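*Asks:* Residues -20 to -1, 1 to 572, numbered by mature numbering (1 follows the signal peptide of the UniProt record, and there is no 0), are exactly what the sequence shown covers, in order. Idealized CB from N, CA, C, for every residue including glycine. Small disclaimer: the values here were computed from a predicted structure and weren't measured. Quick one: the structure is below, and I'll ask about it shortly.
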Amino acid sequence: MAPLKMLLLATLELAALTRAAHLKFELDLTWKKGAPNGVERDMIFVNDAFPGPALIMDEGDEVSIAVTNHLPFNSSVHFHGIEQKGTPWADGVSGLSQWAILPGQTYTYKWTATQPGTYWYHSHDKDRIMDGLYGAIQIRPSSDRDSPFSMISNDEADIEAMKEAEKNANLVMLSDWDHLTSDAYMHALMETGYDIFCSDSILINGGGSVYCKDPEELTALQPPQIRAVVTEPLTDKGCDPFMDVLQGTWPHHPEKLPGGLNSGCIPSQGANATFQVNPDTKWASFNFISAASLKALTVSIDEHPMYVYEVDGHYIEPQLAHQVPIYSGERYSVMVKLDREPGVYTMRVAGNGNQVISGFATLNYEGGENNQRESVPYIDYGGVNTTASVIPLNTTHLPPYPAVLPAMEADDFHLLQLGRINSSWEWTLDGTAFLPANLAAMEPALFDRKAPGLESALKIETKNNTWVDIVFQLVIPEPTKLQPPHPIHKHSNKAFLMGAGQGKFAWNSLQEAAAESPESFLETPIYRDTFLTSPAGEAWIAIRYHVVNPGAFLLHCHMETHLSSGMGLVLLDGVDAWPEGAEHVGESFFHS
Ligand SMILES: *[C@@H]1O[C@H](CO)[C@@H](O)[C@H](O)[C@H]1NC(C)=O
Ligand SMILES: *[C@@H]1O[C@H](CO)[C@@H](O)[C@H](O)[C@H]1NC(C)=O
Ligand SMILES: *[C@@H]1O[C@H](CO)[C@@H](O)[C@H](O)[C@H]1NC(C)=O
Ligand SMILES: *[C@@H]1O[C@H](CO)[C@@H](O)[C@H](O)[C@H]1NC(C)=O
Ligand SMILES: *[C@@H]1O[C@H](CO)[C@@H](O)[C@H](O)[C@H]1NC(C)=O
Ligand SMILES: *[C@@H]1O[C@H](CO)[C@@H](O)[C@H](O)[C@H]1NC(C)=O
Ligand SMILES: [Cu+2]
């Protein structure tokens, strides 16, 4: 056997060496019936799969991805976290980087896999992520990249095993799932006036179930800090009751609430995803991607500590944790040692604060199928640690590896006021101006950044090769006590989280703030593409980014209902170096 295996390996390596740097993918979008959690509904499939197929490539590859829209509505596909340097036509936001792809049309996205790591693709039209349009992207690092695995173990064999595990990573798409289509879900918000954020299931790689439990039991599982505000019992779906502290005092129409949406749980069963691992490989990598539309999540794998080594597609100095919080759009890749007795271990993905709910998958050791022992959880059904020795990931300590630093000072400063506007469910990034509701039907801003449709939009214009600071200030009017943490996603290149603080940001620049309130600033800024605002009352976070890629990009909350209701703005980046003739280039990617 051995010589054969070696031969096979040799052939594979040769294949890798001679492999074309151009990769072609085709994604075919269709609208069909499916039942990921046992309940049938209309949903989106990509190449007949849900989630869509993973796009796996190597650093440096040039990829072309032909998306054919067989859906009964407009669409586009965004490649989340891909910097699109020099390819602003391929960012996939209709109204900004391209015309929408009409039913029957094909648009070919072309970009270069410049940065290794874990990314994903998803719909960027209305809130169609809720209908299932998403899939993973993995860009495997080139062999000369310095990896941080020697900070996990100094044993050469271990480091080699981790590199192999990274290459053959288990891509884990986490999502929340609803029995209503995205249109029906949004309609329920508009009709009732409520901010509804209740899901039927948590799915792991598209598999899950509806679990119903006694409301009393669910209420007891709610994290204590949330319980302090949400004093009434949860519903039988583990969802928050409609209280003024959460919803404010705008007009509401409870009689228009669809049955089963916030309460009225009916159990159903789908499959649990399984991850087969071979303990001989010693290490396994799990690359978590949150495609959740509404839910904050926490992940853990029973009895398996995780070394978090990559955040939003960038290496960090590995951090040991037993549970990792993950918000919409974020990615965390973790290295796990396969040193437990062969058996079956549960992966748990629980709601983190805004619903008591869980989804499950299993880690199956080869040769452990007959082991009947139940694995011991680090977290319960509500996402709370089961013992005091459980280590949560410290999300303010994620040093990039190798170190990446922002400029010491920025050229430009923007302070945004985040909050609800006009109703419980409508959100804004700055208090007044909205992202135009008809964005997807507009002429792309990339083609004409002075287009009349953009006039009313909230936007930030920048010059190329400048550094820009943006502060996100939460505004919490009485009687509401909380805002959900907003995962703010920046398209194109990554940014730095510089600091965070309570109360009002009372300065005119980050330099000024850092001088007066140094404790609010991170010693090691965090380098990523999704930034979480604080859930704890009036508070702010500050980010800094380098403008390197002229084009029209979105900055927005990744909670689908928030983005749909207006929580986004347009970054017109590098207007002094704006691409010439963008329209002609853009049109060339379409074919019927
Ligand atoms: C999935 O895993 C959970 C937790 O272990 C279990 O309760 C449930 O029955 C499993 N579902 C299926 C279909 O096996
Ligand atoms: C969970 O962790 C917290 C903080 O470390 C600790 O105070 C608490 O007791 C833990 N919960 C349990 C059930 O041990
Ligand atoms: C988390 O990291 C920050 C930044 O390094 C540090 O100040 C803080 O003490 C850490 N928190 C915990 C609980 O370790
Ligand atoms: C809020 O509602 C008022 C009254 O209907 C309307 O004039 C205004 O445009 C709305 N604000 C936004 C930002 O949509
Ligand atoms: C679909 O896109 C076209 C062309 O961009 C636009 O005219 C139309 O209004 C869009 N349809 C919807 C329902 O948004
Ligand atoms: C924009 O600035 C970046 C950083 O200096 C530079 O690499 C890039 O070439 C510039 N782009 C254009 C189109 O000038
Ligand atoms: Cu939000």
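(1) With ligand 6 as the reference, list in chain order each residue whose Cβ lies under 6 Å from any of its heavy atoms.
(2) For Gly333 versus Ile206, is the C-beta distance shorter than 8 Å?
(3) Closer than 7 Å to a non-hydrogen atom of ligand 3 - does that hold for the CB of Thr376?
(4) Quick check: Gln256 and Asn351, are their CB atoms within less than 8 Å of each other?
(5) When every heavy atom of ligand 7 is checked, does at least one fall within less than 7 Å of the C-beta of Trp520?
(6) Rounding to the nearest angstrom, what Cα-Cα distance links Asp38 and Ser270 in this structure?
(7) In the DSSP assignment, find the unbroken alpha helix (DSSP H) run with Tyr381 in it and report its ends.
(8) Since Glu146 contacts Ser265 with CB under 8 Å, what's their CB separation in whole angstroms?
(9) Can you have a look at Val356 and say buried or exposed, based on whether 16 or more other CB atoms are within 10 angstroms of its CB?
(10) Please report the distance separating the alpha-carbon of Asp126 from that of Ile139.
(11) Under 8 Å, do Pro238 and Leu160 count as touching if we go by C-beta distance?
(12) Within 10 angstroms of the Cβ of Pro379, are there 16 or more other Cβ atoms? Answer buried if so, exposed if not.
(13) Whole angstroms are fine: how far does the CA of Ala557 sit from the CA of Arg429?
(14) Between Leu502, His471, Ala1, which lies nearest to Glu310 when the distance is taken from Cα to Cα?
(15) Just grab the DSSP bridge partners of Tyr325 for me.
(16) Do the CB positions of Leu512 and Val209 come within less than 8 Å of each other?
(17) Helix, strand or coil for Leu169 per DSSP?
(18) Across which residues does DSSP place Glu6 in a beta bridge pair?
(19) Mind checking whether the beta-carbon of Gln249 lies closer than 7 Å to any heavy atom of ligand 1?
(20) Which of the three DSSP states, helix, strand or coil, is assigned to Thr(-3)?
(21) For residue 575, count neighbouring C-beta atoms within 10 Å of its own C-beta (all shown protein chains included) and say buried if the count is 16 or more, exposed if not.
(22) I'd like the list of long-range same chain contacts for Gly188, defined as Cβ closer than 7 Å, with 5 residues on each side in sequence excluded.
(23) Please name the residue or residues paired with Lys317 in a DSSP beta bridge.
(24) Which residues have their C-beta within less than 6 Å of a heavy atom of ligand 7, listed in chain order?
(25) Return helix, strand or coil for Ile456, following the three-state DSSP convention.
(26) Taking the beta carbon of Thr(-3) as the centre, do at least 16 other beta carbons fall within 10 Å, making it buried, or is it exposed?
(27) So Val73 and Ser55 are in contact, right, with Cβ under 8 Å, and what is the actual spacing, rounded?
*Replies:* The answer reads as follows:
(1) Asn444, Asn445, Val528, Pro530, Gly554, Ala557
(2) yes
(3) yes
(4) no
(5) no
(6) 22 Å
(7) Segment: none, Tyr381 is in no alpha helix (DSSP H) and carries neither H nor E.
(8) That pair is a contact at about 5 Å.
(9) exposed
(10) Cα to Cα, Asp126 sits roughly 12 Å from Ile139.
(11) A contact, by the Cβ cut-off of 8 Å.
(12) buried
(13) Distance between the alpha carbons of Arg429 and Ala557: 12 Å.
(14) His471
(15) Leu343
(16) no
(17) helix
(18) Ala46
(19) Yes, the Cβ of Gln249 comes within 7 Å of a heavy atom of ligand 1.
(20) Residue placement at Thr(-3) is poorly supported in this model, since its pLDDT is 42, which falls under 50; the coordinates are not used for a value here.
(21) With the chain represented from -20 up to 572, any question about residue 575 goes unanswered, as that position is not in the structure.
(22) Answer for Gly188: Pro16, Asn17, Trp157, Ser181, Ile182, Gly250, Gly339, listed in chain order.
(23) Trp263
(24) Trp407, His466, Cys537, Met539, His542, Met547
(25) coil
(26) Its pLDDT being 42, under 50, Thr(-3) is placed unreliably in this model, and the value from its coordinates should be taken loosely. Exposed, since its Cβ has fewer than 16 Cβ neighbours within 10 Å.
(27) Not a contact, Cβ separation roughly 12 Å.
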